[in-house]
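Each remark here refers to the structure printed beneath this line.
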Amino acid sequence: MSPDTRPDPDKLLALVNHDGGEGVPRRGRLKVFFGASAGVGKTYAMLNEARARLRDGIDVVSGVIEHHGRRETQALMEGIPVLPMLEIDHRGIRLTEFDLDGALARRPGLILVDEFAHTNAPGSRHPKRWQDVEELLDNGIDVYTTLNVQHLESANDQVARLTGVWVSETVPDTIFEAADDIALVDIPSDELLKRLADGKVYVAEGANTRAAENFFKKSNLLALREMALRRTAERVDAQSDELSAAMGQNEAQLGHKIMLLIGPDPLSTRLIRHAKRMAARGRAPWFAVYLQSDRHEMLNEKSRARVEQYLRLAENLGAQVVRLSGAQPARDILTYARQNGFTRIMVGHRRTKWWLKPFRTAFAQQLIENSDGIEIAVINGDAAPDSVTENVVSSIRPFIARPIDYGLAFAAVALATLAGLPFRDNTPSDNLTMLYLTAVVIVAARLGLGPSVVASILSVPAFNFFFAEPYYTFNFYDSYYYITFVFMLVTSLVVGSLTARLSRHARQVSERERETQILYGLTRALSAVRGVDRICEVAISHLSAPYNLAVSLFVDAPEGLRSVPKSAEPEDMKEMSAVRWVAANTQMAGRDTDTLPSASGLYLPLQAENETLGVMGLTPNASGRRFTGSEILQFETFASLVAGALQRARRSDEAERSKIDSENERLRNVLLSSLSHDLRTPLTVMNGSVSLLLKMRKELPRKAMDELTALWGQLIRLQKFVGNLLNMAAITSGKMTLNFQPYMIQEIIGAALSQVQSTKENRQLRTQIVGNLPMVQIDGGLVEQVFVNLLENAFQHTASDGEIVIAAERDADRLRIRISDNGAGLKAGDEARIFEQFQTAQTLSSDRAGGTGLGLAICRGIVQAHGGMIYARNNSDKTGASFIFTLPIVPDLPKETP
Amino acid sequence: MTDSIRILSIEDEADIRKFLRATLGANDMTVLEAETGREGLRLATSQTPDVILLDLGLPDMDGMEIIRHLREWTTTPIIVLSARGQERDKIEALELGADDYLTKPFAAGELIARIKVALRHASRPKGDAPFVYDYDGLTIDSAARRVRLDGEDVRLTPIEYRLLTVLARNSGKVLTYASLLKQVWDRHSPDNQTYLRIHTQHLREKLKDDALNPRFIVTEPGIGYRLNP
């Protein structure tokens, strides 16, 4: 096997478990029960399988099941827990809808969501049910769903042409193709027809019976069945390709890369579906390209919105969307295609009208002539009625202006006339045409092409009426005026249209200028301020006014999303849920998007370097306003700028905090060392003095001696407490450095035993060393401390004549040491807690630990620092407790040398 | 008062000085007091005390520096007073030539006992001169190279014998692992303490000594070994 063809284990693994890797929650698995039409038994099949899963012990919940009153289906639903539907009040009508939030809160292992293509009731989070399913999957919940072939986006127009029934509920192909499992539910068409005749197939209420009859024709059912079978087969193909790609074979055998050119023409929809099928067949990557040329500026809002809609459609069907801008469309597109290795360009084409043919070369023609090497596929569009009107509208677009502008054009001509009247008798009338020309230029510059044309056309009769003799008639004596009129008309039309175009360009330039200005201003202002709140203020003040928007920012903070300014927090739950959704999914949502489009604001994630820093909300002050694609693009740029600034602020906050932390740490160490000195000095003195006094047994009265003895005992306790406190401080601050040396554990036990001689009273201390123990690599002083603390702990909880056993034995590569007593033992639940700091008899249910509550915590700290573990349990014979800890054994003993 | 034992205490804390004065005075010892390292060095030279008690945390000089200075010209026993947990300081002080250490806080009796051990040690012959050790049934006669336990000869390997004699010469005093390695193995000293552990273990077995309850060789965890008394 050559290295190139060896399977890539990572790819194979990724295919098997679609996981995002460590730390990323597993994405749920989607299984689609796929059929040719209603009535084939998808829901039935889904329920059957769900019952099997339920028997496997999986937490199955039914989210939505459309049983349409069929008894067999209802019977199958029995025993499957049902998630209650959400009731939505929409303009007085009660609608029930799938409860997405309920499902997310319930977190079942598997959820059944019938009718994948369903459109949600207005006001739901997502317009489409498949988007709900996506969110379930993202949250690691497995989903079973059902789908008819006619609801597939790319099959939609085919089905419509075939059956005459247009379905508005569709599911993007990408979603369908991303499903982990497709189960084809298929019955022969004859059987389906029989079921239909028996009334076993649900036909939507209120649906036109004739339409239904049309739909369920045998020829249609055969065609749909074929489509469903083919789609399933294609998917199996695609999967085996994925597999063979992972196995090291060529990914795309054909090596095609397809570019589809998209325009405002409704023909684009067909083009997109066509391109999608072509790409799927050739398994080629495909791109939907929109060229934003001068013509884009001339499009009306409706056309622009349509372009956005087409681009979204293409994206849904798996295309990558690219926006290019350039002045020479054919040349720019070919350059881009060559640079990016496209092999085929698909373009729509409409027949050029005969009278235009001499003047313009069709765009497709231009592409073909310069394509060298790149295939150009031209899809001919027949002139659909709506597209004709659209074309007309598009070509008269420059003439569209407000009626008042035409009034103003008329007024301008009237004004020119009035201005000329006083000079009528002593000036050659030709010169007075200049007045009209001036008026036309002004109108063109101010009001655009349409009004300037009107002004040009009005100028001629006005001139004739007022300035050509005989005055106040449309007659003229001098045939010379014919020439004047023609030249006047032509000149003013040409000058007017040139001026109008020029001023339109100037306006566009100033608009772009404005955009750049805002961007520049924002960038500069953001770089000048520090702190999250100031950044938010700057962003809000720079964006609100120029776009006539209410801007609100929601910054990710430890306690959740924090709105800046505070007052910006929307009272509407819908807005806030949009904000949360955006923050969680790092995708834009709200107004003029696919997610929560009924929200009044548009919400963009503030994301920098894969870090979500918050959400930016944009709510237009004018309620009817729609955001255009280019506006949203601008907003995204602003959002990324603000996100960058917020990230910088967060970084510098973190740096500041860590500086404070290290300062605190330093302070703590200084405090500790001075504390240790300051506490020890008086303790030493007291200790010395009391021990001196205790020696004067003969000179002091008996009562004083008793008091001194008690004082001595307390002093010893205090000393131990201070010692423990300082030890604990060293452990918790991580300042404890271990001085590893090899030891026989007996040496350490011996040293510890001699330390506790004075406090053991009459207790029996026994040691059990099992076998020949190897050496351990430990910090002798610290482990001695562990023994001392554990022994003293045992003393506290045994009678003064109790028995304590220290046992040590080898356990594989560790030494296991056990210290058992015959005291009261531990109360249930205290086994782990006693090792926490400051757990004493007061805080614990059992009378364990006692004293300062630090001794055992110190033991744990030391043992853990050695790579061992420590735990406590009651003895099996219910007498007393055992404390057990382990220590690593020196790996290999060096050979002895003489 | 010329024959009384004279102790120099170099200690900056007045309270501890007072306590030392009281404790030592009660045991018929004369106390010389120095508040600073410089003063201590001056008194050590001019008064030649029998034992020096040195606090390691002095304001003007590093305690190690004082030990180094003293050891340039005198073998007067030095007992270091230090805080608990400062094992590294103790080892360093011992290796620089301090004789013993006391961990604060300490009891009066313990202090007196340590001073007595130090005095006895100071009175013993120095260097390689022959000596006799006799404690709790164990006798070592270095002139005869003979070790007897409870009246019976003990057969030791050369290294075990050297280890035992080094400990015995300094009996009652803690010897750090590093100094033991250096003295027993001379310049061929292995840098691995495991050897020392193994030989000590063998020596203990031959002396019928139990590490759990030592009769002769005592382990000071983190510091070194000490031979009783």
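Which chain is which? The protein sequence lines are B and X, in order.
The first sequence begins at 1 in the numbering used here and counts up one residue at a time.
The second sequence begins at 1 in the numbering used here and counts up one residue at a time.
The beta carbon of each residue, even a glycine, is placed where N, CA and C say it ideally should be.
CB-CB length for residue i against residue j, believed under 8 Å
i, j, result
"B:P108", "B:D56", "About 14 Å; that fails the 8 Å criterion."
"B:F116", "B:L147", "4 Å"
"X:F19", "B:V690", "About 10 Å; that fails the 8 Å criterion."
"X:I10", "X:I52", "7 Å"
"B:V551", "B:A539", "7 Å"
"B:V233", "B:V32", "For the record, residue 233 of chain B in the displayed sequence is Ala; it is not Val. Not confirmed; about 15 Å, so no contact."
"B:I80", "B:R51", "7 Å"
"B:A608", "B:A643", "4 Å"
"B:K760", "B:F795", "6 Å"
"B:A228", "B:A45", "Between B:A45 and B:A228 the Cβ distance is about 14 Å, and since that is not below 8 Å, they are no contact."
"B:L435", "B:A409", "Rounded, the Cβ-Cβ distance is 15 Å, inconsistent with contact."
Straight-line Cα distance separating residue j from residue i
i, j, result
"B:L104", "B:L726", "49 Å"
"B:L291", "B:L324", "5 Å"
"B:V783", "B:S754", "14 Å"
"B:Q768", "B:I819", "10 Å"
"X:T48", "B:T737", "39 Å"
"B:L112", "B:K42", "12 Å"
"B:F787", "B:I806", "9 Å"
"X:R169", "B:D801", "40 Å"
"X:K104", "B:L561", "54 Å"
"B:T389", "B:P403", "Legend: pLDDT at B:T389 = 46, less than 50; position of this residue unreliable, no value from coordinates given."
"B:L856", "X:I78", "36 Å"
"B:S630", "B:L618", "15 Å"
"B:H797", "B:G825", "8 Å"
"B:R651", "B:A578", "27 Å"
"B:G407", "B:A462", "15 Å"
"B:L489", "B:H505", "24 Å"
"X:R146", "X:G224", "25 Å"
Residue j beta carbon less than 8 Å from that of residue i
i, j, result
"X:D55", "X:L94", "no"
"B:L711", "B:V756", "no"
"X:G57", "B:H677", "yes"
"X:D50", "X:I5", "yes"
"B:S493", "B:V453", "In the sequence under discussion, the amino acid at residue 493 of chain B is Leu, which differs from the Ser named in the question. The answer is yes: Cβ separation under 8 Å."
"B:I379", "B:A314", "no"
"B:S503", "B:A444", "yes"
"X:E110", "X:L102", "yes"
"X:R68", "X:L96", "yes"
"B:A330", "B:F287", "no"
"B:G496", "B:V440", "yes"
"B:E66", "B:D132", "no"
"B:I258", "B:Y310", "no"
"X:Q183", "X:V166", "yes"
"X:N213", "B:G771", "no"
N- and C-terminal bounds of the beta strand (DSSP E) containing residue i
i, result
"B:W286", "286 to 292"
"B:S577", "First-last for B:S577: 573 to 585, but that is the alpha helix (DSSP H), not the beta strand (DSSP E)."
"B:N874", "870 to 874"
"B:R625", "Counting along the chain, B:R625 falls outside any beta strand (DSSP E), and DSSP gives it neither H nor E."
"X:I223", "Per DSSP, X:I223 belongs to no beta strand (DSSP E) and is neither H nor E."
"B:Y144", "142 to 148"
"X:L138", "138 to 141"
Contacting residues, own chain, Cβ-Cβ under 7 Å from residue i (five flanking each side not counted)
i, result
"B:R281", "none"
"B:L940", "The question about residue 940 of chain B has no answer, for chain B in this structure spans 1 to 898."
"B:F627", "R591, D592, L602"
8 Å Cβ shell around residue i - same chain, five flanking residues per side excluded
i, result
"B:G123", "I88, H90, K574, S598"
"B:L700", "L693, L708"
Neighbourhood of residue i by C-beta distance below 6 Å, restricted to the same chain and skipping five residues each side
i, result
"B:P546", "I518"
"B:K908", "Nothing about residue 908 of chain B can be read from this structure; chain B reaches only from 1 to 898."
"B:Q150", "V159, V167"
Within-8 Å CB hit, residue i to chain D
i, result
"B:L826", "Going by chain labels, chain D is absent from the structure shown, which instead holds the protein chains B and X."
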